[in-house]
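Each protein sequence line maps, in turn, to chains A and B.
According to this note's numbering, the first sequence is numbered sequentially starting from 94.
According to this note's numbering, the second sequence is numbered sequentially starting from 44.
Single-structure report; data block below.
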Amino acid sequence: MTLFLSKLANDGAALVDVFTITRCDSALGVTAATSQVDRITYAKTSSGAGQDRIEALVQSAGNVVISAVPNGTNIPDGAGNMIPINLVGGATYPADANGLIQVAYCFDNPMFGFDTAGNQISLPRSVILLHELSHAFHRANGSFDAADPEFQAITDENRYRAQVGLPLRDPNNHNGGQGPGDGLQIPTCTGMVPPGGTGPTGPSPCCSC
Amino acid sequence: MAGGISISNIELSGRRRGLPSPMDGHRDIWFDVTITVANPGTVPLHVISELRSMSYDAAQRVLTLRLAEAKPGPLHENGPIFSLPTPATVTVKPHGEAKITVKIPGILKELSQVPGRPLALAHTDIRDMQTIRCEIGASEKPMGRFERADARAVRTRLAKWGNTISRETPVKPDTRD
Ligand SMILES: [Zn+2]
């Protein structure tokens with residue numbers, strides 16, 4: 094009953110982003126669970142929207158698996174099509190017959206959303222993950238707003254944005270696109286060791302021959 | 044005819060390599076596909092300029108690139124939640140043309156749902172492709188902004204927007220690793 098990182102995908106990138114969401118809380122741990130997933134362990138030692146959400150997920154009655162995948166990975170859209178994950182940033186799949194809720198997100202593509210003035214603002218990779226984990230959290234806890242799930246997730250996302258000093262997203266505007274937006278990044282936190290310069294203003298997958 | 048828009052050329056680039064993965068140093072192989080669209084008419088045309096979906100028919104060795112939105116279909120019970128952005132478009136002037144470049148991976152990665160397990164990640168080497176098929180949506184009308192629309196609503200609105208044209212071309216990809 095907790096939060097897992099898929100080793101079939103890029104578990105290192107996912108761990109960095111979960112660590113970022115907890116603002117580098119050293120209480121975050123990871124243990125081997127199966128050959129396919131690692132388990133996140135966490136009892137927060139500091140508070141904030143990010144830490145609160147990860148701790149709640151770890152203590153949740155549901156099982157949530159995170160798959161971090163690169164630009165160009167195709168995902169099923171639930172309507173019979175395969176779509177590039179970099180088009181949508183991330184997606185959350187409802188619990189399967191075994192109760193597993195799946196979160197997939199793209200960790201290396203610059204993306205933007207909109208603030209209430211209609212300006213393009215960046216969606217750093219940990220923000221994309223936090224947003225998807227909001228859908229997963231509400232699914233796992235029976236609080237999912239089926240009538241307006243994006244308003245619910247963007248509202249949660251904005252609590253994290255406020256924590257890290259990013260401009261807030263318009264919860265009534267689900268639109269966005271590929272590109273750096275305002276280029277703002279999540280401030281690094283002490284102890285964080287990112288795996289490199291990937292992210293909204295980091296290197297794109299192309300190109301050098 | 045999408046108001047007269049046509050695909051005048053489809054060109055596959057040489058092999059490109061991505062920057063080293065920060066995790067393991069691996070460098071993915073990519074190609075650019077440059078699609079030239081022409082507007083022989085007298086009014087500007089709005090053309091979708093980003094890849095909305097792709098698929099590979101390994102038996103026929105045909106890669107299909109869709110710069111057009113899928114039709115709205117019934118969502119499966121286990122379908123995901125995601126926000127589908129309004130497609131990016133370019134405007135092609137009367138009697139003008141535009142080049143649209145999309146990046147495609149040499150190794151196609153696809154996630155799939157497997158009950159009780161993490162999403163499975165399949166890899167398909169598509170460098171044996173012999174044909175690229177492009178589908179592009181275009182209209183005389185701008186697409187507009189779909190601010191509160193979910194994926195199904197975006198597709199429902201786009202189903203009434205413009206037309207989709209297609210063209211195939213034979214290709215010989217660079218297969219070096
Ligand atoms: Zn969402």
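Note that beta-carbon positions come from the ideal geometry of N, C-alpha and C, so glycine has one too.
Burial state of Asp-110 of chain A, where buried means 16 or more other Cβ atoms lie within 10 Å: Under this definition Asp-110 of chain A is a buried residue.
Contact test: Glu-243 of chain A Cβ vs ligand 1 heavy atom, cutoff 6 Å: Glu-243 of chain A: yes, Cβ under 6 Å from ligand 1.
Straight-line gap, Ala-233 of chain A to Asn-156 of chain A (C-alpha atoms, nearest Å): In this structure, the CA atom of Ala-233 of chain A is about 7 Å from the CA atom of Asn-156 of chain A.
Residues near Thr-174 of chain B by beta carbon distance below 8 Å, same chain, minus five either side: Excluding five sequence positions before and after Thr-174 of chain B, the CB atoms of its chain that fall closer than 8 Å to its own CB belong to Gln-103, Arg-104, Val-105, Leu-106, Glu-211, Thr-212, Pro-213, Val-214, given in chain order.
Same chain, Cβ closer than 6 Å to Gly-47 of chain B, neighbours up to 5 away in sequence not counted: Excluding five sequence positions before and after Gly-47 of chain B, the CB atoms of its chain that fall closer than 6 Å to its own CB belong to Pro-83, Gly-84, given in chain order.
Enclosing alpha helix (DSSP H) for His-228 of chain A [first to last residue]: 218-234 is the span of the alpha helix (DSSP H), which, as asked, contains His-228 of chain A.
Burial state of Glu-153 of chain B (16 or more Cβ within 10 Å): Around the beta carbon of Glu-153 of chain B, 16 or more other beta carbons lie within 10 angstroms, which makes this residue buried.
Outcome for Thr-77 of chain B when other beta-carbon atoms lying within 10 angstroms are tallied against a minimum of 16: So Thr-77 of chain B counts as exposed.
The beta strand (DSSP E) enclosing Pro-169 of chain A, as first and last residue numbers: First-last of the beta strand (DSSP E) with Pro-169 of chain A: 167-169.
Cβ-heavy atom distance, Ala-233 of chain A to ligand 1, below 6 Å: Ala-233 of chain A: no, Cβ never under 6 Å from ligand 1.
Contact with chain A by Glu-183 of chain B, beta-carbon distance below 7 Å: By this cut-off, Glu-183 of chain B is not an interface position.
Opening and closing residue of the alpha helix (DSSP H) in which Pro-117 of chain B lies: Pro-117 of chain B -> no alpha helix (DSSP H), and no H or E assigned at all.
Contact with chain A by His-89 of chain B, beta-carbon distance below 7 Å: Interface with chain A (7 Å Cβ-Cβ cutoff): His-89 of chain B is excluded.
DSSP state of Val-105 of chain B mapped onto helix, strand, coil: Strand.
Host beta strand (DSSP E) of Glu-148 of chain A (start-end): No beta strand (DSSP E) contains Glu-148 of chain A, which is instead part of the alpha helix (DSSP H) from 142-151.
Selection of the stretch 129-143 of chain A by Cβ proximity to chain B, strictly under 9 Å: Going along the stretch 129-143 of chain A in chain order, one finds Gln-129, Val-130 with a Cβ nearer than 9 Å to chain B.
Buried/exposed call for His-166 of chain B, threshold 16 Cβ in 10 Å: Around the CB of His-166 of chain B, fewer than 16 other CB atoms lie within 10 Å, so the residue is classed as exposed.
Proximal residues to Leu-193 of chain A (C-beta, below 7 Å), its chain only, five neighbours per side dropped: Excluding sequence neighbours, Leu-193 of chain A sits near Asn-156, Val-158.
The alpha helix (DSSP H) enclosing Phe-112 of chain A, as first and last residue numbers: Going by DSSP, Phe-112 of chain A is part of the alpha helix (DSSP H) stretching over 104-114.
Cβ shell of Arg-252 of chain A (< 6 Å), same chain only, five flanking positions each side left out: Scanning its chain for C-beta atoms nearer than 6 Å, with the 5 sequence neighbours on each side dropped, one finds around Arg-252 of chain A the residues Ala-142, in chain order.
Cβ pair count under 8 Å reaching 3, the stretch 186-205 of chain A against the stretch 143-162 of chain B: A contact exists between the stretch 186-205 of chain A and the stretch 143-162 of chain B.
Whole-Å CB distance - Pro-163 of chain A paired with Asp-201 of chain A, under 8 Å assumed: About 5 Å separates the two Cβ atoms, so the contact holds.
Cutoff 8 Å; reference Lys-137 of chain A; Cβ partners in own chain excluding five residues on either side: Only Thr-115, Asp-118, Ala-120, Gln-144, Asp-145, Ile-147, Glu-148 meet the Cβ criterion.
Any chain B beta carbon closer than 7 Å to Gln-195 of chain A: Yes, because at least one Cβ of chain B sits closer than 7 Å to the Cβ of Gln-195 of chain A.
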